[in-house]
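In what follows, a single structure is set out as structure tokens and then discussed.
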Amino acid sequence: MAQLKNHEADRFTARPDRDYVVYLIYGPDHGLVSERASALAKASNVPLDDPFSTIRIDAANPGADPDRLINEAYTVGMFGGRRLIWLRGAGNDRALLGQIDRLLGDPPTDTMIIVEAADLKKGGLRGAVEKAPAGLAIPCYTDNDRVLQELIDRTFSAAGLRLELDARRFLVDHLGGDRAASRAELDKIALYARGQPTVTLSDVRAICGDASALGFDDVSMAVLTGDLKALDRAVIKFESGGGAPSALLAMLTRQFQALDRIRADMDSQGKNPTAAVAQAKPPVFFARRKAMEQAAGIWSGPAIRAGLGRLRDAVLQARRARHLETDILRMTLLALTVQSARRR
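Under the numbering used here, the sequence shown has 387 at position 310, and the numbering climbs by one with no breaks.
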């Protein structure tokens, strides 16, 4: 079975192993799927601007030839050399799966096939690629804190900029739902701050103010403190701003993880909520400190860990049923806020 771990994918796509023919790149983070597919295509050393060497196919609209993928894969270039077939929008369509099965069973020579897909359940297209010696599956899930920190560091280091601590905290808390969106925001900040040595929180807010406008902070603080009325307003604000449910679930998970560390500090060292929040590492963003102090007094350690379990379940459910992710988000937020309200 050939499948990379999410954290292994960036290194692999920069220097891919050529033992495989079909590379399936899939997951709920569409921006990351696109970014990794592009990196893999670039690393193939096939001329991407040559229409005879690089063949792009839309799975939803293959053109007049429904067997175009097969026909292109087994075509030998007029002038020789390696060819790249780049298929976007793949799914578990039976006809497409039949073509992929054939390519995996009888791999064409001197051909690399990149397949982009949304989140896929085990089995179907994903299962076929994972089980075949000629196939490799590359998952793309929402960035965790470590990966996001690395992306932030690479972006600002390349621009010759340093980042204020409060600015970094703000970015880690507000980015991460979609790799392409995160990179775009970071690039805009780097451009805005060009010519100055340090990126400040004011610089970040000037460019990423829309992140606060989406209501990320309002939602998380309402959940943690059990404020049902505030939650209702914050969710309306978040949804009307076009916020991604996956991004909010990721951010809320980080907030619960921070709260878990604070509560553990209180339980092990006898600190009160104010002292535990003030001494938290990494430090709590200043705008959240009062709410985190209140939450630390409300939530017990076991309750926090149960909340983290509920959030993990919600993330998995949303990945498996993307058409229901908004409903899953709402039910999860309501359940956690009610639980918090009962502890007040």
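For each residue, glycine too, the CB sits at the ideal point set by N, CA and C.
- Here the alpha carbon of ALA267 sits roughly 14 Å from the alpha carbon of ALA258.
- Look at the beta carbons and you see the segment 119–131 not touching the segment 204–223: under three pairs across the two are nearer than 8 Å.
- Rounded to the nearest angstrom, the gap between the Cα atoms of PRO143 and ARG203 is 21 Å.
- The segment 230–270 is shown to contain whole alpha helix (DSSP H) runs of 4 or more residues at 242–251 and 256–269, in chain order.
- For GLU85, no alpha helix (DSSP H) encloses it, and the DSSP letter there is neither H nor E.
- A check of alpha carbon separations from ILE375 across GLU207, ARG340 and CYS285 identifies ARG340 as the nearest.
- Assignment of THR188 by DSSP, reduced to helix, strand and coil, places it in the strand class.
- In summary, GLN371 is buried, with 16 or more beta-carbon neighbours lying within 10 Å of its beta-carbon over all protein chains present.
- Taking C-beta atoms as the reference points, GLU193 and ILE102 count as a pair closer than 9 Å.
- A distance below 7 Å between beta-carbons, with the five flanking residues on each side excluded, links ALA299 to the following residues of its chain, in chain order: ALA307, LEU308, ALA311 and THR414.
- Take THR330, set aside five residues on each side of it, and the residues of its chain with a beta-carbon closer than 6 Å to its own are LEU388, in chain order.
- Between LYS208 and the set ASP196, ASP178 and ASP342, the nearest pair of CA atoms involves ASP178.
- In this model, VAL98 and GLY237 are separated by some 39 Å (Cα to Cα).
- Across the set ARG133, ARG419, ASP250 and ALA150, the C-alpha of ALA150 shows the shortest separation from the C-alpha of ASP183.
- Of the candidates GLY200, VAL123 and TRP163, the residue whose Cα lies closest to the Cα of ASP170 is GLY200.
- In terms of Cβ geometry, ARG95 and MET189 form a close pair [threshold 9 Å].
- The Cβ neighbour count for SER417, taken over all protein chains shown within 10 Å, is at least 16; the residue is labelled buried.
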